[in-house]
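This report refers to the structure that appears directly beneath it.
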Amino acid sequence: MYWIYSKYTKENNFYGKSTPIELIKKYGSPLYVYNEKILRNRCKEMKNLVSYPHFIVNYSAKANSNLKFLKIIKNEGLHVDAMSPGEIFIELKAGFTPKMIFYISNNVSADEMKFAIDAGVNISIDSISQLELYGKINSGGKVALRFNPGIGAGHNAKVVTGGKKTKFGIDTAFIPKVKSLLNQYNLKLIGINQHIGSLFMDSTPYIESVKNILSVAEQFEDLEFIDFGGGFGIPYYKQDYEVRLNIKALGEELNEIMHSWANNYGKWVTFKVEPGRYISAECGVLLGTVNAIKTNSKTRYVGTDIGFNVIERPVLYESHHDIEIYRESEKASDKIEEVNLVGNICESGDIIAKGRFLPEIFEDDIIGILDAGAYGHVMSSNYNSRLRPAEVFIDMDGNDILTRRRDTLDDLLKVYKIN
Ligand code: LLP
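Just so you know, we're using our numbering here: the sequence shown kicks off at -17 and counts up by one.
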């Protein structure tokens, strides 16, 4: 195999004992590949973020809830958050105990709340209206509350979840109402949480929001935990040497804040963070195949089987993912071309990379979409009745292990009641 353009995966021995071409031959194209070593390293890095003794990393499973993924994360000593009964269900299957799961609800039904309560999972409520509902169905119970810290951050307006333009969290102006509802339903407030949004590379807004949420927390007695949320960014522009988030400096700052706040509060509360992307993005590469190349009105289109049913981020948020190229034949070229890398879905917006300058690509080349481990497979769909790809792990010894098979045509039919 010829590694045409493959710095990141080569440096990390990403594919272990296999090559991308062998993996595609074995499991089909497209294919999600995860490297266990990178995943474990990211977990360790987050666990060591601070030395404050009561610190928990809640992995945000929405980023990647593959069962094996979750088992590895549990094995690394992390806890998890959940956004739905489905995530609670799969997390329990992965071996997390109910107490290791934190359900962060948003506009949910009484049935969903009951599901979490019956499972013994702590639940976070994010509106006055839902607190009232919760009080009615679990009077005398424990509850956590999500406040809006007044600050947001994120790579796209769609993923900013703090500040003035978001549906999330309770506005701090309603704290008196919160207190009266807690009283009315005899609820024990055990925790406070926030999440400012997804992907910051500069930690200033995060630290500011932490300070804000702590001044909210001060207004409540005897809390067990405070959860600062996730959002830790990763460098999607690796090939251009984008600088990593300074996780060490962020950790040091958080550590100091945690110690001094707990000291003033008079209790060693547990502090939590909730990273999804930081843990899972960089251990995943999405492989696909170049099926056709054409020029339409001077635009060069590289046509692959990586439609937006397989990876939605570029279409939904215009997100950038670095691209690698692998080749079986010896065909080589010095040419750099500007191309639109597109998928096979029946929409003109089905573009993975627009106006990207890449080494000349040929039919049958294998494409690697980097940093696809977060919000990749979990956001894939059967649009155009296409089959979602398989997921494969490269384990610590470099062996490939199939963890989730590719959809089959029969899978498309199995939800129907009629034949
Ligand atoms: N906690 C809460 C309450 C969240 O809503 C989220 C993400 C996280 C933690 C984890 O955020 P992270 O550390 O992964 O940034 N689909 C989008 C990202 C949506 C994030 C939604 N909430 C994307 O592909 O960029």
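Ideal Cβ placement from N, Cα and C applies to all residues, glycine included.
Between G325 and the set A372, D379 and G270, the nearest pair of CA atoms involves G270. Counting along the chain, K220 sits inside no beta strand (DSSP E), nor does DSSP assign it H or E at all.
Inter-segment contact for the stretch 353 to 369 and the stretch 309 to 322 is absent: fewer than three beta-carbon pairs are separated by less than 8 Å.
Assignment of P341 by DSSP, reduced to helix, strand and coil, places it in the strand class. Residue pairing by DSSP places S0 in no beta bridge whatsoever. Burial state of E18 is buried, judged by a 10 Å Cβ sphere holding 16 or more other Cβ atoms. At a Cβ-Cβ threshold of 8 Å, S197 and I178 do not count as neighbours. In the three-state reduction of the DSSP assignment, N322 falls in the strand class, which pools E and B. In this structure, the beta-carbon distance from V39 to K29 falls below 8 Å. Uninterrupted alpha helix (DSSP H) stretches at least 4 residues long and entirely within the stretch 83 to 119 occur at 92 to 101 and 110 to 119, given in chain order.
The continuous stretches of beta strand (DSSP E) do not include E206, and DSSP gives it neither H nor E.
For Q201, the CB contacts under 7 Å within the same chain, skipping 5 residues up- and downstream, are I157 in chain order.
Short of 7 Å from the beta carbon of V267, and not among the five residues preceding or following it, lie these beta carbons of its own chain, in chain order: T(-9), F(-4), V15, G350, I351, L352 and A354.
With respect to P131, N89 sits apart: the two C-beta atoms are not nearer than 8 Å.
Straight-line spacing of the CA atoms in I348 and K44 works out to 28 Å. DSSP lists G285 as the bridge partner or partners of A274.
When DSSP assignments are scanned along the stretch -9 to 55, the uninterrupted stretches of alpha helix (DSSP H) that are 4 or more residues long and fall wholly within it turn out to be 2 to 9 and 18 to 29. Taking all protein chains shown into account, G289 has 16 or more neighbouring C-beta atoms within 10 Å of its C-beta and is therefore buried. Within 7 Å of the C-beta of M361 there is at least one heavy atom belonging to the ligand LLP. Boundaries around E238 are those of the alpha helix (DSSP H), I229 to Y247, since no beta strand (DSSP E) includes it. Secondary-structure assignment with DSSP links L269 through a beta bridge to L13 and G350.
Two segments are said to touch when three or more pairs of C-beta atoms, one from each, lie closer than 8 Å; by this definition the stretch 45 to 56 does not touch the stretch 217 to 224. Under a 10 Å Cβ-count criterion, K276 is classified as exposed, with fewer than 16 other Cβ atoms of the shown protein chains found around its own Cβ. Sequence-distant Cβ neighbours of W243 in its own chain, meaning closer than 6 Å and more than five residues away, are L196. Between L21 and L13, the CB-CB gap reaches or exceeds 8 Å. For K124, the secondary structure class from DSSP, reduced to helix, strand or coil, is strand. Closer than 7 Å to some heavy atom of the ligand LLP: that describes the Cβ of R295. With a 10 Å radius around the Cβ and a threshold of 16 neighbouring Cβ atoms, Q112 comes out buried. As DSSP reads the structure, N175 sits in a beta bridge with R128 and D209. For I261, the enclosing alpha helix (DSSP H) stretches over residues R259 to S262.
Take P35, set aside five residues on each side of it, and the residues of its chain with a beta-carbon closer than 8 Å to its own are W250, in chain order. Restricting attention to F97, S42, D389 and N291, the CA atom closest to the CA of E329 is found in N291. For V192, the enclosing alpha helix (DSSP H) covers residues T186 to A199. Counting the other Cβ atoms within 10 Å of the Cβ of E238 gives fewer than 16, which makes it exposed. Separation of the CB atoms of Y260 and R24 is rounded to 6 Å, and the pair is thereby assigned contact status at 8 Å.
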